[in-house]
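Novice: Using the UniProt record's numbering, you'd call the opening residue of the sequence shown number 1 and step up by one each time.
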Amino acid sequence: MDDFDDFMLSPEAEAALAAAEATLDAAPAPKVPAKAAAPRPPVDVRALRATLKETWGYDDFREGQEAAVAAVCGGRDCAVYWATGSGKSIVYQLTALHQARGVVLVISPLVSLMMDQVKTLNMTCGREVACFLGSAQTDRSVEDRALRGDYRLVYATPEKTANQDLAGALDRNCPGGLALIAVDEAHCVSEWGHDFRPEYRRLGSVRDACPGTPLVALTATAAPRVRGDIESNLRLRPGFHVAAKTFDRPNLALRCKRLAGEGPAAALKSTAEALRDGGATIVYCSTRGEVETATAALNALDPAAKVAGYHAGMPPGDRRDAHYGFLSGKLHCVVATVAFGMGIDKPDIRRVVHYSPPKSMEEYYQQVGRAGRDGLPAECLLLFKESQLVKYNSDFYTKGLTGDGLANFQASLESMRRFAGLTDGCRRAAILDHFKEPYAKGWRCGSCDLCRRASDPGTRDRDYTKPARLLLAASHECAGATETDLVDLALGTFKGKGASKYVPPQHARAQAAVEPLLAEIRREAAWRRFVTKDSMKSFLGELAARAYLDQRSVKGAYAAYAVYDISERGSAVARGRANVLLPPPQFVVDEEAREAARAAKRKAELETAGVDVSKIPKAELDAGKGPALTAELDWLRRVKAWRDGGQEAKALAYEQLLAVILKWRQDMAEAHEVAPCTVLPDHLAKTVAYSMPTTEQALRDAGVRFGAGAKDLAALIEQAVVDLGVGGAVEKDDATPVALPAGARAFPKWKFALEKPNKNGKPKPWELSHARFAGGDSCAAIACDQPNGKPIMTRTVVGHLLKALIMGQPVDLRRLHLDGAAARPLPCGAPTAAAWDALDEAAAAADVDVVGAESYKAADLAAGVGGDIAALAEIDYKEKTEAQVRDWNAWNSDRSWWEALKRAGYAPSPEPPAKKARCGS
Numbered sequence: 001m002d003d004f005d006d007f008m009l010s011p012e013a014e015a016a017l018a019a020a021e022a023t024l025d026a027a028p029a030p031k032v033p034a035k036a037a038a039p040r041p042p043v044d045v046r047a048l049r050a051t052l053k054e055t056w057g058y059d060d061f062r063e064g065q066e067a068a069v070a071a072v073c074g075g076r077d078c079a080v081y082w083a084t085g086s087g088k089s090i091v092y093q094l095t096a097l098h099q100a101r102g103v104v105l106v107i108s109p110l111v112s113l114m115m116d117q118v119k120t121l122n123m124t125c126g127r128e129v130a131c132f133l134g135s136a137q138t139d140r141s142v143e144d145r146a147l148r149g150d151y152r153l154v155y156a157t158p159e160k161t162a163n164q165d166l167a168g169a170l171d172r173n174c175p176g177g178l179a180l181i182a183v184d185e186a187h188c189v190s191e192w193g194h195d196f197r198p199e200y201r202r203l204g205s206v207r208d209a210c211p212g213t214p215l216v217a218l219t220a221t222a223a224p225r226v227r228g229d230i231e232s233n234l235r236l237r238p239g240f241h242v243a244a245k246t247f248d249r250p251n252l253a254l255r256c257k258r259l260a261g262e263g264p265a266a267a268l269k270s271t272a273e274a275l276r277d278g279g280a281t282i283v284y285c286s287t288r289g290e291v292e293t294a295t296a297a298l299n300a301l302d303p304a305a306k307v308a309g310y311h312a313g314m315p316p317g318d319r320r321d322a323h324y325g326f327l328s329g330k331l332h333c334v335v336a337t338v339a340f341g342m343g344i345d346k347p348d349i350r351r352v353v354h355y356s357p358p359k360s361m362e363e364y365y366q367q368v369g370r371a372g373r374d375g376l377p378a379e380c381l382l383l384f385k386e387s388q389l390v391k392y393n394s395d396f397y398t399k400g401l402t403g404d405g406l407a408n409f410q411a412s413l414e415s416m417r418r419f420a421g422l423t424d425g426c427r428r429a430a431i432l433d434h435f436k437e438p439y440a441k442g443w444r445c446g447s448c449d450l451c452r453r454a455s456d457p458g459t460r461d462r463d464y465t466k467p468a469r470l471l472l473a474a475s476h477e478c479a480g481a482t483e484t485d486l487v488d489l490a491l492g493t494f495k496g497k498g499a500s501k502y503v504p505p506q507h508a509r510a511q512a513a514v515e516p517l518l519a520e521i522r523r524e525a526a527w528r529r530f531v532t533k534d535s536m537k538s539f540l541g542e543l544a545a546r547a548y549l550d551q552r553s554v555k556g557a558y559a560a561y562a563v564y565d566i567s568e569r570g571s572a573v574a575r576g577r578a579n580v581l582l583p584p585p586q587f588v589v590d591e592e593a594r595e596a597a598r599a600a601k602r603k604a605e606l607e608t609a610g611v612d613v614s615k616i617p618k619a620e621l622d623a624g625k626g627p628a629l630t631a632e633l634d635w636l637r638r639v640k641a642w643r644d645g646g647q648e649a650k651a652l653a654y655e656q657l658l659a660v661i662l663k664w665r666q667d668m669a670e671a672h673e674v675a676p677c678t679v680l681p682d683h684l685a686k687t688v689a690y691s692m693p694t695t696e697q698a699l700r701d702a703g704v705r706f707g708a709g710a711k712d713l714a715a716l717i718e719q720a721v722v723d724l725g726v727g728g729a730v731e732k733d734d735a736t737p738v739a740l741p742a743g744a745r746a747f748p749k750w751k752f753a754l755e756k757p758n759k760n761g762k763p764k765p766w767e768l769s770h771a772r773f774a775g776g777d778s779c780a781a782i783a784c785d786q787p788n789g790k791p792i793m794t795r796t797v798v799g800h801l802l803k804a805l806i807m808g809q810p811v812d813l814r815r816l817h818l819d820g821a822a823a824r825p826l827p828c829g830a831p832t833a834a835a836w837d838a839l840d841e842a843a844a845a846a847d848v849d850v851v852g853a854e855s856y857k858a859a860d861l862a863a864g865v866g867g868d869i870a871a872l873a874e875i876d877y878k879e880k881t882e883a884q885v886r887d888w889n890a891w892n893s894d895r896s897w898w899e900a901l902k903r904a905g906y907a908p909s910p911e912p913p914a915k916k917a918r919c920g921s
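(1) So is residue 474 buried or exposed if we call it buried at 16+ other beta carbons inside 10 Å?
(2) So what does DSSP say about residue 181, is it helix, strand or coil?
(3) On the three-state DSSP scale, how would you describe residue 465?
(4) Would DSSP call residue 676 helix, strand or coil?
(5) As a quick exercise: from 841, 794, 300, pick the residue whose alpha carbon is nearest that of residue 893.
(6) Starting from the C-beta of residue 221, find all residues in its chain whose C-beta is less than 6 Å away, skip the five residues before and the five after it, and write them out in chain order.
(7) Please report the straight-line C-alpha distance between residue 821 and residue 645, rounded to a whole angstrom.
(8) Where does residue 666 land, buried or exposed, given buried means 16+ other C-beta within 10 angstroms?
(9) Can you check which of these residues, 656, 359, 281, 840, is closest to residue 330 by C-alpha distance?
(10) Between which two residues does the beta strand (DSSP E) carrying residue 555 extend?
(11) Taking C-alpha atoms, which residue in 168, 176, 214 lies nearest to residue 183?
(12) Which of the three DSSP states is assigned to residue 257 in this structure?
(13) Short check: CB of residue 153 to CB of residue 99, under 8 Å?
(14) Rounded to whole angstroms, what is the Cα-Cα separation between residue 416 and residue 519?
(15) Would you kindly check if the distance between the Cβ of residue 573 and the Cβ of residue 469 is under 8 Å?
(16) According to DSSP, simplified to helix, strand and coil, what is residue 558?
(17) Inspect the CB distances between the stretch 272 to 289 and the stretch 298 to 305 and report whether three or more fall short of 8 Å.
(18) CB residue 562 to CB residue 483, shorter than 8 Å?
(19) Check each candidate in 706, 769, 809 and name the one with the smallest Cα separation from residue 743.
(20) Any idea if residue 869 is buried or exposed, counting beta-carbon neighbours within 10 angstroms, 16 or more meaning buried?
(21) Relative to the alpha-carbon of residue 151, which residue among 295, 131, 257 has its alpha-carbon at the smallest distance?
(22) Extract the residue ranges of the alpha helix (DSSP H) inside the stretch 216 to 295, only unbroken runs of 4 or more that lie entirely within it.
(23) Rounded to whole angstroms, what is the Cα-Cα separation between residue 504 and residue 291?
(24) Taking the C-alpha atoms as reference points, what is the distance between residue 79 and residue 169?
(25) Assuming residue 521 and residue 531 form a contact by the criterion Cβ under 8 Å, report the distance between their Cβ atoms to the nearest whole angstrom.
(26) Could you pull out every residue in the same chain whose Cβ sits closer than 8 Å to the Cβ of residue 550, ignoring the five residues on either side in sequence?
(27) How many angstroms separate the CA atom of residue 60 from the CA atom of residue 90?
(28) In whole angstroms, what is the alpha-carbon distance linking residue 235 and residue 226?
(29) So is residue 823 buried or exposed if we call it buried at 16+ other beta carbons inside 10 Å?
(30) Going by DSSP in three states, residue 749 sits in which element: helix, strand or coil?
(31) Check whether the stretch 759 to 772 and the stretch 853 to 861 touch, using three or more Cβ-Cβ pairs below 8 Å as the test.
(32) For residue 353 versus residue 283, is the C-beta spacing smaller than 8 Å?
(33) Confirm, please, whether the CB-CB distance from residue 116 to residue 349 is below 8 Å.
(34) Can you give me the C-alpha to C-alpha distance between residue 786 and residue 491, rounded to a whole angstrom?
(35) Once the 5 residues before and after residue 763 are set aside, which same chain residues still bring their CB inside 7 Å of it?
(36) So, for residue 928: in the same chain, excluding its five sequence neighbours on each side, which residues have a beta-carbon less than 7 Å away from its beta-carbon?
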């Protein structure tokens, strides 16, 4: 090959190259120690600073840069081991621009990075000082000009350099010869590195071609053993300068998240939300398929986000658009295969996300190193599953590796697995450990997820013995089980193996051991949410990370997979002799974070509305639910919605009704010398104001327990709902009701009464109301005590029960008309005989078939009535006056009863006059 088609090689290409290396130079010639560099005159560091200022505008070097530049300008070899973003490129760029003669050869496998550096450097200098040579260079005249010495820096791939003796040609042909050879990504030269390249091993030949030229090796990821390999294989001359800095990147906030069964949308949801906050983002994927999946998921989560994919299988034009769109800021996010970021000279990347984990700590550290190269804070999130790490043990990734090469690959993979699975300590400290960099005992970065967890009481270890025992008990009986089998056994969902559904004896024992534990957990509401596949997968990873389970990799026919054995520590838990403390699963942490944010928002909402939050129990504020909190929020949100919707009169009327109730409360408190909240708590006053119970029994059903004066309160509410016109209340002049049967009675189901059940299997609201009414609850009690804690109007409950009637359910219509045990009409009860006759006549006049047709327009029926009702039908509800609203709602209440009874096939007859009734809610 001439150079790389993409920024880095695919896993299969890497494996192929590794296999080729096994046969390359089977009997290599012994390395000849390089001679020490010939002494040169001392370097004027003031002149170096002047060049730095003139070219880049910097007043001074960063730590270590001046010494490294001075060393190579003085003719010494140099090894630079600096983390990404530390300014390695200055070492060879400034050297090229500072010296009067000679050319600098920069060797790198990262085609795009070289092209970006060439473009940036030429723009910075205002002239062409650098070029790139390789198959991606379309202008063939560039190479001729490079060999004439027209450029100060020549960038080339290792293939180009080694195959065509580029170093020797530049040294022979360019005025001043070759001033410096820079080998970037020098870890590729070492078989102990994470990204070994055979072509890099051949770069020792440049020392033979140019023995007197200083050579600088640069890399961001090199453990001590790799450093020794680099220095030896590139034949750095005695006395070479070593420039090494800390591997710590203080501005990077590292986080790892173990995934269970989340799909792409769930896994990338936080990333999509972060994109709205701005900042360039790279999402790394290990395969082209993952790139396409993740790109589609991010675009679906936020269509406004500017996200593009990038992989080697895309057309060159699309790749170029993604590359330069991201570089220029036109794109906010690129989802790419793992080498993309290595080829991007972009310092302001604020976020690096691994959609799938890399194969080693070196790869991980190099990739997250693309974030925050400008020194500003950046976030790095690693998403992983155990299965993704285990797969790297398969032949697809290890083919051709033997001996030390295979051992090194597996050691690097195990290091990555340990890092991803850490449950305590510090992520950045773990990186320093891996690269053998010392640090103070007990040091913590304070910014990674583990450090934040340690300082946050909400994320510290908790007792998860009960759900953990499900997995451990299953593993105790079933050695060597896979993740899928263990989870299924723990949840009681194991169905056997193969088409025959065979259950091996050890699996049967595991099922028997787990069954009583599972039944116990499912009886306890606090633990039920943990008995899911995702939760069990999360616990499984934590148990393996903390040595309750031993994980090992097994090679199958097609891929490698993980199996688990119980450890002694885990056996003690399985037998009930020890407890398990684990960090809360991510879904719990996420739920609690969301709820904390919602709680803060609710509190602010209440305080803004003038609610005294000290009167709401703290447990309700923290939990986000409870009678007091729900009533307060429901009231202020309803009133705000009315006002926002232009219904100022309605909002004011309800507030006046509440004022009537609160005045009664104050009067009772003064008369009986008790606190007002003892008479009627604030939240209950709002519930009563909305549901409007008008009898003593209805008030008691609503929760009012202050018996003294309750009769007066009922009368006050009854009068106020008419005076204020709330809830459609109206006083009827003709109180002669229609006759209704006593006792629960079912009528034939109306032929058009068809309704699909809820997808979640939950009952419909009318079904809940009917069940409670049939069980003896009054309409007022049902209205005030809803499952969600939010009261509804009594007339809404009446509507539910009329719906039950046409659905063929038995309903006690007389009890529905009368308010419980009180022998008086319920507000919004059955219509009077006169109203019934008027509706019959209107239907005939307007040719409305309420029984034989599936639907009709209320406006058509109103037109049959004529007069004021017909006129009201033509006025938008929001435009009606208070009096018009009362009249319209009263007519609609009668219409609802008439319609339901007609459809049920019941024709009532008049009853003797009853006490004059007022129809309210």
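A virtual CB, placed ideally from N, CA and C, is assigned to each residue, including glycine.
Specialist: The relevant details are as follows:
(1) Within the sequence shown, the letter at position 474 stands for residue 474. Buried, because 16 or more other Cβ atoms sit within 10 Å of the Cβ of residue 474.
(2) On the sequence shown, residue 181 is found 181 positions in, with the first residue counted as 1. For residue 181, the secondary structure class from DSSP, reduced to helix, strand or coil, is strand.
(3) Mapped onto the sequence shown, residue 465 falls at position 465. Residue state for residue 465 is assigned as helix, using DSSP reduced to three classes.
(4) For the purposes of this step, residue 676 is identified with residue 676 of the sequence shown, where counting begins at 1. Three-state result, residue 676: helix.
(5) One-based indexing of the sequence shown puts residue 893 at position 893. Out of 841, 794, 300, 794 has the C-alpha closest to the C-alpha of residue 893.
(6) Within the sequence shown, residue 221 is the residue found at index 221, counting from 1. Closer than 6 Å at the Cβ level, and outside the excluded window around residue 221, lie 187, 362, 365, 366.
(7) Start at 1 with the first residue of the sequence shown, and residue 821 comes out as number 821. Start at 1 with the first residue of the sequence shown, and residue 645 comes out as number 645. With a pLDDT of only 42 at residue 821, under the threshold of 50, the placement of this residue in the model should not be trusted; the figure read from the coordinates follows. Computed Cα separation, rounded: 39 Å.
(8) As a working mapping, residue 666 is identified with position 666 in the sequence shown. So residue 666 counts as exposed.
(9) Counting from 1 along the sequence shown, the entry for residue 330 is found at position 330. Ranking 656, 359, 281, 840 by Cα distance to residue 330 puts 281 first.
(10) Taking the first residue of the sequence shown as 1, we reach residue 555 at position 555. Here the beta strand (DSSP E) through residue 555 covers 549 to 555.
(11) One-based indexing of the sequence shown puts residue 183 at position 183. Among 168, 176, 214, the Cα nearest to that of residue 183 belongs to 214.
(12) For the purposes of this step, residue 257 is identified with residue 257 of the sequence shown, where counting begins at 1. Residue state, collapsed to three classes: strand.
(13) Indexing the sequence shown from 1 puts residue 153 at position 153. Indexing the sequence shown from 1 puts residue 99 at position 99. Contact flag unset, no.
(14) Numbered from 1 along the sequence shown, position 416 holds the residue referred to as residue 416. Numbered from 1 along the sequence shown, position 519 holds the residue referred to as residue 519. So the two alpha carbons sit approximately 38 Å from each other.
(15) Along the sequence shown, one-based indexing puts residue 469 at 469. Along the sequence shown, one-based indexing puts residue 573 at 573. Their beta carbons are under 8 Å apart, which means residue 469 touches residue 573 by this criterion.
(16) Position 558 of the sequence shown, counted from the first residue, corresponds to residue 558. In this structure, residue 558 counts as coil in the three-state DSSP scheme.
(17) The answer is yes - the stretch 298 to 305 touches the stretch 272 to 289, with three or more Cβ pairs under 8 Å.
(18) In the sequence shown, residue 562 corresponds to position 562, counting from 1. In the sequence shown, residue 483 corresponds to position 483, counting from 1. Yes. Within cutoff.
(19) What you label residue 743 is simply residue 743 of the sequence shown in a count that begins at 1. The residue from 706, 769, 809 with its alpha-carbon nearest to that of residue 743 is 809.
(20) Translated into the one-based positions of the sequence shown, residue 869 becomes position 869. Under this definition residue 869 is a buried residue.
(21) By 1-based counting over the sequence shown, the position of residue 151 is 151. Cα-wise, what sits closest to residue 151 is 131.
(22) 224 to 233, 264 to 267, 269 to 275
(23) Reading the sequence shown from its first residue, position 504 is the one you call residue 504. Reading the sequence shown from its first residue, position 291 is the one you call residue 291. In a straight line, the C-alpha of residue 504 is about 40 Å away from that of residue 291.
(24) By 1-based counting over the sequence shown, the position of residue 79 is 79. By 1-based counting over the sequence shown, the position of residue 169 is 169. Looking at the two C-alpha atoms, the distance is approximately 24 Å.
(25) The residue you call residue 521 lines up with position 521 of the sequence shown. The residue you call residue 531 lines up with position 531 of the sequence shown. Contact flag correct, Cβ pair sits at about 6 Å.
(26) By 1-based counting over the sequence shown, the position of residue 550 is 550. 544, 564, 565, 566, 567, listed in sequence order.
(27) Working through the sequence shown from its first residue, we reach residue 60 at position 60. Working through the sequence shown from its first residue, we reach residue 90 at position 90. One C-alpha to the other measures close to 12 Å.
(28) The residue labelled residue 235 in the question sits at position 235 within the sequence shown. The residue labelled residue 226 in the question sits at position 226 within the sequence shown. Going by the C-alpha atoms only, they are around 14 Å apart.
(29) What you label residue 823 is simply residue 823 of the sequence shown in a count that begins at 1. Annotation note: pLDDT 45 at residue 823 (below 50); position unreliable, no value reported.
(30) By 1-based counting over the sequence shown, the position of residue 749 is 749. It is coil, neither helix nor strand.
(31) no
(32) If you number the sequence shown from 1, residue 353 lands on position 353. If you number the sequence shown from 1, residue 283 lands on position 283. Yes, the Cβ-Cβ distance between residue 353 and residue 283 is below 8 Å.
(33) Your numbering for residue 349 matches position 349 in the sequence shown. Your numbering for residue 116 matches position 116 in the sequence shown. No, these two residues do not count as a Cβ contact at 8 Å.
(34) One-based indexing of the sequence shown puts residue 786 at position 786. One-based indexing of the sequence shown puts residue 491 at position 491. Going from the Cα of residue 786 to the Cα of residue 491 covers about 33 Å.
(35) Locating residue 763 in the sequence shown gives position 763, counting from the first residue. Taken in chain order, the list of residues that qualify is empty.
(36) The structure shown does not extend to residue 928, since the chain is modelled only from 1 through 921, so no value can be given for it.
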